[in-house]
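Encoded as structure tokens, the structure appears first; notes follow it.
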Amino acid sequence: NMAGLKNIPGPTALPVVGNLYQYMFNKSKILKYHEVLQQLYEKYGPIVRETFGNKTIIHLFDPVDAKTVLDNEDKRPFVVPLQETTLMYRKKSDMSLGLGNTNGEEWYRLRSAIKGFMFDFYGLRNLSVKKEGVLDDIIKKLGDEIDENGQVKDLRMLFGKWALESSGITCFDRRLGYMDNGDMEKMAEKIVEANKEVFYLSGLLKFSYPFYKYFPTPKWIKLEKAEDVITNGTKFQMEKAYDEMYEVMSENRGDIPNDRFEFLTDLRKKLNKKEITTIMLSVHTDGLSTIVPSLLFNLYCLAINPEIQEKAYQEVKKFMSEGAPATKELISQSVWVAGTVKETFRFFPIGTEIARILKKDLVLSGHNVPEGSNIHINMNVHFFNEHYFKNARVYNPVRWSQGLAELSEDAKRVRKYVLMPFGANIRSCAGRLLADQDLILMLSRILYHYQLVYPENEKPLQQVFNTLLVPDR
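Residue numbers for the sequence shown follow my numbering, beginning at 6 and rising by one.
Right under this line is the structure:
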């Protein structure tokens, strides 16, 4: 019974299109969707209803409601895909749908297949040793691309190549040549641009009437071509990995050495090739829309906070030396670098919501919200709230190592439900340990070799909504 949802406050919805009319003809409003959410919260309060076509979204802005939803989850929570466009593309292409586009037993089976590798903390640390060469190369390439003004023209593209090359070690156990100034680097550039196009167009289509589901609209045609570039690029690397793996097996009487093709070997025990391809597609390219913008925001925060940059640099120097790989202690013991990563997620979050489909009726902000409701947990509105973060406007990485002593008891009880950069519970990001590790190592390596300065004549960096939140330039 969805009738109770009508009592939840929200902007006026029109027949058929609902609230889409407020977005469809106003691209700037879509690009600033995170600011729209702030306005909805300020105008309507802790729970807000919006309707997009025939779909009703319930926005939750109260951490107490977030706690209620997440504490009432079972082991197989239902979610709506981040990109319905990608779900549609994979269905049309006869692909496995992947983790983010499935629910129930199918999702649980896929999740179980990857958790042995993705949540092996010590195994991921050993994987970081294999990636040292990638870090060496990106630092050198970064130096090569610095111009006479000390600037790099396109950091997002450069770090996109690094992310693909680094994930190539994870997925395919080899270097891909994406930073070698040849044809493979051109392929990487096409994948980075295609990924950017997919997320931009998906963000626009999210707030348009879904004509693209019934006939190919211009935006859908562009998106489909971009998805082809990403998918075909990954499949090309997959086939090369299989060929090399079979060659290694033939040289070792059918066996694969323990230190070779660890992820691929682990997946082959549990999944078919179609399913493995989609998993690899996600692990190989998801960092382009998550790790890369996060890294850019981290560098910006350090550049405009030079005193914190210096403290992070001094910490890095304790754990690193010229020409030597990063120590495992850097990952586990860093305070300033690890705190920078987390504090940057507060200042520049990547996502706008944690989405759920309720599997039971719940009372949220005094309203009876029925099973089947589409919930968006929108906690970004509290990231500068003094109730949850003392001196909230101050960029302070060590707040994450200082405990919660300064907070009231009710704030302590719910603060973990406020900042959730990788999602929550069992449906949190499967690659969060790997992403966190890669960010810390890359940030540390850059700090060790370079000083970060933000040009005085540049306006402050802002975010725009492209399905996720990315730098505005």
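In this text, a Cβ means the ideal position worked out from N, Cα and C, and glycines have one as well.
Remember, it's a predicted structure, so these values are computed and weren't measured experimentally.
Kindly indicate which residue of the options has the alpha-carbon position closest to the one of residue i.
i	options	result
Y318	G344, N277 and L466	G344
P14	R54, G23, Q27 and I35	R54
V21	F57, K417 and N12	F57
T357	D233, L169 and L65	L65
I281	E461, Y49 and T239	T239
E110	D79, P311 and V139	D79
S339	H289, N237, S406 and M285	S406
G371	E137, T107 and T73	T73
K364	F427, Y422 and F83	F83
R81	P460, R432, E461 and L42	R432
P426	K97, F350 and R95	F350
K97	K218, K322 and F388	K218
Y393	F353, R418, I382 and N379	R418
K347	G23, R404 and L466	R404
T175	L272, M254 and M100	L272
Y247	I196, L209 and R179	R179
K166	D366, Q88, M192 and N430	M192
N77	N430, L438 and Q468	N430
E312	I362, L457 and T222	L457
L286	K421, L36 and M100	M100
G23	P402, I451 and K60	K60
V134	G428, K464, E334 and S378	E334
I119	N154, F324, I284 and K323	I284
Once DSSP output is grouped into helix, strand and coil, what is the label at residue i?
i	result
E78	coil
R361	strand
P465	coil
P262	coil
E249	helix
G23	strand
I380	strand
I355	coil
V157	strand
F126	helix
I151	strand
F241	helix
F470	strand
F389	coil
F83	strand
Which word fits residue i, buried or exposed, when buried means at least 16 other C-beta atoms lie within 10 angstroms of its C-beta?
i	result
R398	exposed
I63	buried
G436	buried
D159	exposed
R200	Note on identity: in this sequence residue 200 is Asn, with Arg being the wrong assignment. Label assigned to N200: buried.
Q442	buried
D70	buried
G292	buried
I151	exposed
T17	exposed
D477	exposed
Q467	exposed
S337	exposed
P460	exposed
Kindly give me the distance between the Cβ atoms of residue i and residue j, rounded to whole angstroms, as I take these residues to be in contact under 8 angstroms.
i	j	result
Y46	V386	5 angstroms
N31	Y205	Contact flag wrong, Cβ pair sits at about 16 angstroms.
E315	V342	With a Cβ gap of about 13 angstroms, E315 and V342 do not count as contacting.
F122	F268	5 angstroms
Y26	L19	6 angstroms
L102	L92	6 angstroms
M447	L140	7 angstroms
V85	A360	5 angstroms
E198	L181	About 17 angstroms; that fails the 8 angstroms criterion.
M184	D142	5 angstroms
State the start and end residues of the unbroken beta strand (DSSP E) segment that holds residue i.
i	result
T61	K60 to L65
P476	L473 to P476
I52	I52 to F57
H372	H372 to V374
L369	L367 to L369
Residue i lies in the alpha helix (DSSP H); which residues open and close that run?
i	result
I482	Missing from the structure shown is residue 482; the chain here goes from 6 to 478 and no further.
F164	L160 to F177
P311	P311 to F324
R437	R437 to H454
R432	Run containing R432: none; DSSP gives neither H nor E here.
M189	D188 to K211
L412	Here L412 belongs to no alpha helix (DSSP H), and DSSP marks it neither H nor E.
L104	Where L104 is concerned, there is no enclosing alpha helix (DSSP H), given that its DSSP letter is neither H nor E.
D480	Nothing about residue 480 can be read from this structure; the chain reaches only from 6 to 478.
V288	K278 to T290
I35	K32 to L36
K97	E89 to K97
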